[in-house]
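Student: Residue numbers (this note's numbering): 3 to 278.
Once you've had a glance at the structure underneath, I'll fire off some questions.
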Ligand code: HPA
C-alpha cells in the first residue's frame, strides 16, 4: 500500500481491528438503493462512519453511512454502506481516507456499485452493467495535490479484466443479464442536459453518473484491483418523455437491488475460493 499523508486511515483501521479482527479481502461500496445488501453480511459488526476517523459523513438520502464488517459467502469483507460524492462538498478525494483504511486492513479487491443513467436505448432502466472503462468528463481528479510521483497512475485495465470475466461468469450462472460498457463521470449534482447526453453518446459512453470514478482512481493509486457494477435507473436526459430525477433513481435502484445483491453474493463466494 502507498504511504498515506497522515495517520487518519491507520487510526480507522485500528478501530476496525479492535472491533472485529479478520483477514479482510474485499471491500464493497454500496450505491443508491443498495443499502439492504449490508443485511446479508454474516457475523456482522456495524460501525457508523462517525466513529471512524476520515470516513465521510454521508448525507445523501438513500445512503446510510456505516462500515459493515463481516463475511459474505465465507469471504471476509468490509461493506461501505454509503459513500460521499464530489458534489456534496467539492472534494474529489473525499473517499481517500476510507479507501486507505480498507487497504490498510489487507483488502486487495474493491467492488464499487452505483446508480447510473443509460445513454443507450438498448440498455433500459432496471439493467445491470459491469463497467469496462470510464471517461472522466468532470476533469476533476482526487490525486490533484498528491506530491509523490505515484500520482501518475496507469489507468489501462483500471477495471480488472480478470475480475470482470469472473463477474460475467457468475451472472451467467445466476441467469442475470449483465451488460458491459463505459461509464462517464459528470460532477453533478444537477443532471446532464440533453446536449451533454448526446455528447456522452458521441464520446463512446454507455452510462452517465456522479460517482465511482474518483474512487477507481484512488483504488488504483492504492494498488487495489477494481470491479464496478452500475444499476441503470433511467435513460439519459432527453431520451425519455420525462427528465431524470433523484426519486426515480432511488426507486429503480431499490427495485433492482435484489438482483444485484444476488450477483454480489455469488461473486464474493467465488472470490472466497481463492483464499488459501
Ligand atoms: N445522470 C447522472 N447520474 C445519474 C443518472 C443520470 O441520468 N441516473 C442515476 N445517476
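All C-beta atoms, glycine included, are put in the ideal place defined by N, C-alpha and C.
No experiment lies behind these values; they were computed from the predicted model shown.
Tell me whether residue 177 is buried or exposed, calling it buried when 16 or more other Cβ atoms sit within 10 Å of its Cβ.
Tutor: So residue 177 ends up on the exposed side.
Student: With residue 219 as the anchor, note down where its beta strand (DSSP E) starts and where it stops.
Tutor: Residue 219 -> not in any beta strand (DSSP E); alpha helix (DSSP H) instead, spanning 215-223.
Student: Sort out for me which residues DSSP pairs residue 185 with in a bridge.
Tutor: Answer by DSSP bridge pairing, in chain order: 136, 209.
Student: Could you tell me whether the Cβ of residue 277 comes closer than 8 Å to any Cβ of chain B?
Tutor: The chain inventory of the structure shown lacks chain B, comprising one protein chain alone.
Student: Output the residue ranges of the alpha helix (DSSP H) runs that lie fully inside the region 41-129 and measure 4 residues or longer, sorted by chain position.
Tutor: Here the runs fully enclosed are 88-91, 98-106.
Student: Would you kindly work out how many angstroms separate the C-alpha atoms of residue 239 and residue 274, rounded to a whole number?
Tutor: Between residue 239 and residue 274, the C-alpha separation is close to 40 Å.
Student: Sorted by chain position, which residues of the same chain lie with C-beta nearer than 6 Å to residue 96's C-beta, five sequence neighbours on each side aside?
Tutor: The answer, listed in chain order, is 58, 86.
Student: Is the Cβ-Cβ distance between residue 56 and residue 132 less than 8 Å?
Tutor: Cβ atoms of residue 56 and residue 132: not closer than 8 Å.
Student: Does the beta-carbon of residue 31, which I'm using as the reference point, lie nearer than 7 Å to any heavy atom of the ligand HPA?
Tutor: No.
Student: If contacts are defined as beta-carbon pairs under 8 Å, then residue 218 and residue 114 qualify, I think. What distance do you get, rounded to the angstrom?
Tutor: About 7 Å; that satisfies the 8 Å criterion.
Student: Specify, as a first and last residue, the run of the beta strand (DSSP E) that residue 251 falls within.
Tutor: Residue 251 -> not in any beta strand (DSSP E); alpha helix (DSSP H) instead, spanning 248-274.
Student: Spatial neighbours of residue 128 within its chain, please: C-beta separation below 6 Å, excluding the five flanking residues on both sides.
Tutor: Closer than 6 Å at the Cβ level, and outside the excluded window around residue 128, lie 258.
Student: Does at least one heavy atom of the ligand HPA sit under 7 Å from the Cβ of residue 191?
Tutor: No, the beta carbon of residue 191 sits no closer than 7 Å to any heavy atom of the ligand HPA.
Student: Excluding the five sequence neighbours on either side, which residues of its own chain have a C-beta within less than 6 Å of the C-beta of residue 13, listed in chain order?
Tutor: If we look at residue 13 and ignore the five residues flanking it on each side, its Cβ neighbours are 55.
Student: State the Cα-Cα distance for the pair residue 137 and residue 215, rounded to the nearest angstrom.
Tutor: Approximately 8 Å between the Cα atoms of the pair.
Student: Residue 121 and residue 203 look like a contact to me (Cβ under 8 Å); what is the Cβ gap, rounded to whole Å?
Tutor: Right, their Cβ atoms sit about 5 Å apart.
Student: So residue 40 and residue 83 are in contact, right, with Cβ under 8 Å, and what is the actual spacing, rounded?
Tutor: About 5 Å separates the two Cβ atoms, so the contact holds.
Student: Could you check whether the region 166-185 touches the region 237-255, counting it as contact only if at least three pairs of C-beta atoms, one from each stretch, sit closer than 8 Å?
Tutor: Taking 8 Å as the limit for Cβ pairs, the verdict is that the region 237-255 does not touch the region 166-185.
Student: Give the single residue among 134, 155, 32 whose Cα lies nearest to the Cα of residue 223.
Tutor: The residue with the shortest Cα to Cα distance from residue 223 is 155.
Student: Please work out which residues of its chain come closer than 6 Å, Cβ to Cβ, to residue 153, disregarding the five sequence neighbours upstream and downstream, and give them in chain order.
Tutor: Within the same chain, residue 153 has close Cβ partners 145.
Student: Please look up how many angstroms separate the CB atoms of residue 37 and residue 117, rounded, as I've assumed it's under 8 Å.
Tutor: Actually they are not in contact, since the Cβ atoms of residue 37 and residue 117 sit about 12 Å apart, beyond 8 Å.
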